[in-house]
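This note's numbering applies: residue 708 is where the sequence shown begins, and numbers increase by one.
Notes to accompany the following structure.
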Amino acid sequence: MRYFIKLAYKGTNYHGWQSQPDANSVQETLNKALSILLRTEIEVLGAGRTDSGVHAKQMYAHFDLETAIEVAPLIHRLNSFLPKDIVVFDIIKVADEAHARFDATRRTYEYHIHTFKDAFENDGSWLHQAKLDLNQMNQACQILFKHHDFECFSKTHSDVRTFNCVIFEAHWQQHGNNIVFTISADRFLRNMVRAIVGTMINIGLGKITLADFEKIIESKDRSQAGFSVPAHGLYLTRIEYEYLS
Numbered sequence: 708m709r710y711f712i713k714l715a716y717k718g719t720n721y722h723g724w725q726s727q728p729d730a731n732s733v734q735e736t737l738n739k740a741l742s743i744l745l746r747t748e749i750e751v752l753g754a755g756r757t758d759s760g761v762h763a764k765q766m767y768a769h770f771d772l773e774t775a776i777e778v779a780p781l782i783h784r785l786n787s788f789l790p791k792d793i794v795v796f797d798i799i800k801v802a803d804e805a806h807a808r809f810d811a812t813r814r815t816y817e818y819h820i821h822t823f824k825d826a827f828e829n830d831g832s833w834l835h836q837a838k839l840d841l842n843q844m845n846q847a848c849q850i851l852f853k854h855h856d857f858e859c860f861s862k863t864h865s866d867v868r869t870f871n872c873v874i875f876e877a878h879w880q881q882h883g884n885n886i887v888f889t890i891s892a893d894r895f896l897r898n899m900v901r902a903i904v905g906t907m908i909n910i911g912l913g914k915i916t917l918a919d920f921e922k923i924i925e926s927k928d929r930s931q932a933g934f935s936v937p938a939h940g941l942y943l944t945r946i947e948y949e950y951l952s
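Pasting the structure below:
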């Protein structure tokens, strides 16, 4: 039987989602907890990979088990057992062929910036005090919708078959001293959101124009795009499936 697990985590203390040698990861932490509580070796497969320091307000993963689960008691035991920066919301029985990664139809990220020093924001938002032209940055978002190949925003030497992504939503909003960039797509390349944000910061500062931004995308060259903003301001906020509400 296959189960989806719905969870969230603060990424500050983890070297990303994916298990790796000699590094603390969310995937490995979840594997160990489930294996101990279910008394069998469990390997969860996530809907995607978040980088070191990146947070997830909503993540899905799947795992297989030969026996049925009493969901409510297991959720309670998991949340008691897991560290305080990982929380499980639900465990859902799905079809045997359901796949947390390949079946996801839409993913949404947010990048958080604060514009004035804040003692409570340091782990989850990037301090950037220079004034930004959000109108120009939102115009740049419209340019993203015209394109599908985003190799210029991908981490170099990434092992992917295609750099094509369909972007459904992208916009900047400011509330007081807080600025949030929201972007949704069918898939994302490694480092893509952080590179888009860094490049748009350069637009907001007047360092590059909207025409430059389009040329960067058309170049398919990572060295032409802007810097990658720090990981701690990035959140995976939503993953959507046709068969889950």
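We put the beta carbon where it would ideally sit given N, CA and C, even for glycine.
In this text the structure is predicted, and so the values were computed from the model without any measurement.
Where the alpha helix (DSSP H) containing K971 begins and where it ends:
Residue coverage of the chain in this structure runs from 708 to 952, which leaves residue 971 outside it and unanswerable.
Taking Cβ positions, are A752 and A807 nearer each other than 8 Å?
Position 45 of the sequence shown, counted from the start, is the residue given in the question as residue 752. Position 100 of the sequence shown, counted from the start, is the residue given in the question as residue 807. Reading off the sequence, residue 752 comes out as Leu, not Ala. Result yes, Cβ atoms of L752 and A807 sit closer than 8 Å.
Which residue or residues does DSSP assign as beta-bridge partners of F895?
As a working mapping, residue 895 is identified with position 188 in the sequence shown. Paired residues: none, contrary to the question.
Backbone CA spacing between L912 and M708 [nearest angstrom]:
Against the sequence shown, residue 912 aligns to sequence position 205. Against the sequence shown, residue 708 aligns to sequence position 1. Going by the C-alpha atoms only, they are around 52 Å apart.
Examine the Cβ distances between the region 839-851 and the region 909-927 and report whether three or more of them are shorter than 8 Å.
yes
What are the start and end residues of the alpha helix (DSSP H) that includes Q836?
Working through the sequence shown from its first residue, we reach residue 836 at position 129. Looking at the DSSP string, Q836 is not in any alpha helix (DSSP H), and its letter there is neither H nor E.
How is I753 classed by DSSP in three states: helix, strand or coil?
Walking along the sequence shown from the start, residue 753 turns up at place 46. It should be noted that the sequence gives Gly, not Ile, for residue 753. Of the three classes helix, strand and coil, the one that applies to G753 here is strand, per DSSP.
Using beta carbons (cut-off 8 Å, strictly below), is A807 in contact with chain D?
Note that chain D does not occur in the displayed structure, where there is just one protein chain.
Own chain, CB closer than 6 Å to I924, minus 5 neighbours either side, in chain order
Here the question's residue 924 lines up with position 217 in the sequence shown. If we look at I924 and ignore the five residues flanking it on each side, its Cβ neighbours are H854 and C859.
Please report the Cβ distance between V936 and W833, rounded to the nearest whole angstrom; I am assuming they are in contact, meaning their Cβ atoms lie under 8 Å.
Your numbering for residue 936 matches position 229 in the sequence shown. Your numbering for residue 833 matches position 126 in the sequence shown. That pair is a contact at about 6 Å.
Tell me the DSSP secondary structure of T889 in three-state form.
Locating residue 889 in the sequence shown gives position 182, where the first residue counts as 1. Strand.
Beta-ladder partner(s) of W879, from DSSP:
Taking the first residue of the sequence shown as 1, we reach residue 879 at position 172. W879 pairs with F888.
Quick one: any contact between the region 773-787 and the region 796-804, if contact means 3 or more CB pairs under 8 Å?
yes
One or two residues paired with V801 in a DSSP bridge
Walking along the sequence shown from the start, residue 801 turns up at place 94. DSSP, once it has assigned bridges, lists R709 as partnering V801.
Q846 (DSSP reduced to helix, strand or coil):
Working through the sequence shown from its first residue, we reach residue 846 at position 139. Note: Q846 maps to helix in three-state DSSP.
Roughly how many whole angstroms lie between the Cα atoms of F788 and S952?
One-based indexing of the sequence shown puts residue 788 at position 81. One-based indexing of the sequence shown puts residue 952 at position 245. Spanning the two alpha carbons is a distance of roughly 27 Å.
Roughly how many angstroms lie between the CA atoms of F895 and G718, to the nearest whole one?
Locating residue 895 in the sequence shown gives position 188, where the first residue counts as 1. Locating residue 718 in the sequence shown gives position 11, where the first residue counts as 1. If I take the Cα positions, the gap works out to 18 Å.
What does the alpha-carbon distance come out to for the pair A740 and D919?
Against the sequence shown, residue 740 aligns to sequence position 33. Against the sequence shown, residue 919 aligns to sequence position 212. So the two alpha carbons sit approximately 49 Å from each other.
Could you tell me the alpha carbon to alpha carbon distance between Y950 and I776, rounded to whole angstroms?
Numbered from its first residue, the sequence shown carries residue 950 at position 243. Numbered from its first residue, the sequence shown carries residue 776 at position 69. Roughly 20 Å separates the two Cα atoms.
Could you please give the first and the last residue of the uninterrupted beta strand (DSSP E) stretch that includes T736?
To locate residue 736, count along the sequence shown from 1; it is residue 29. No beta strand (DSSP E) holds T736; the alpha helix (DSSP H) holding it covers V733 to L745.
Based on the DSSP secondary-structure assignment, which residues constitute the bridge partners of A932?
For the purposes of this step, residue 932 is taken as the residue at position 225 of the sequence shown. Partner(s): none; A932 has no beta bridge.
Taking the alpha-carbon positions, what's the H819 to G755 distance?
In the sequence shown, the residue the question calls residue 819 occupies position 112. In the sequence shown, the residue the question calls residue 755 occupies position 48. Using only the alpha carbons, I get a separation of about 20 Å.
Candidates L917, I903, Y948 and T944: which alpha carbon is nearest S930's?
Within the sequence shown, the letter at position 223 stands for residue 930. Taking only the C-alpha atoms, the option nearest S930 is I903.
Taking a contact to mean a Cβ-Cβ separation below 8 Å, would you say A877 touches L917 in this structure?
By one-based count along the sequence shown, residue 877 stands at place 170. By one-based count along the sequence shown, residue 917 stands at place 210. The answer is no: Cβ separation not under 8 Å.
Going by Cα to Cα distance, which pick from G883, N884, D856 and L943 is closest to I890?
For the purposes of this step, residue 890 is taken as the residue at position 183 of the sequence shown. Looking at the Cα atoms, L943 is the closest of the given residues.
Cβ shell of V887 (< 6 Å), same chain only, five flanking positions each side left out
The count along the sequence shown starts at 1 and reaches residue 887 at position 180. Only E817, H819 and Q880 meet the Cβ criterion.
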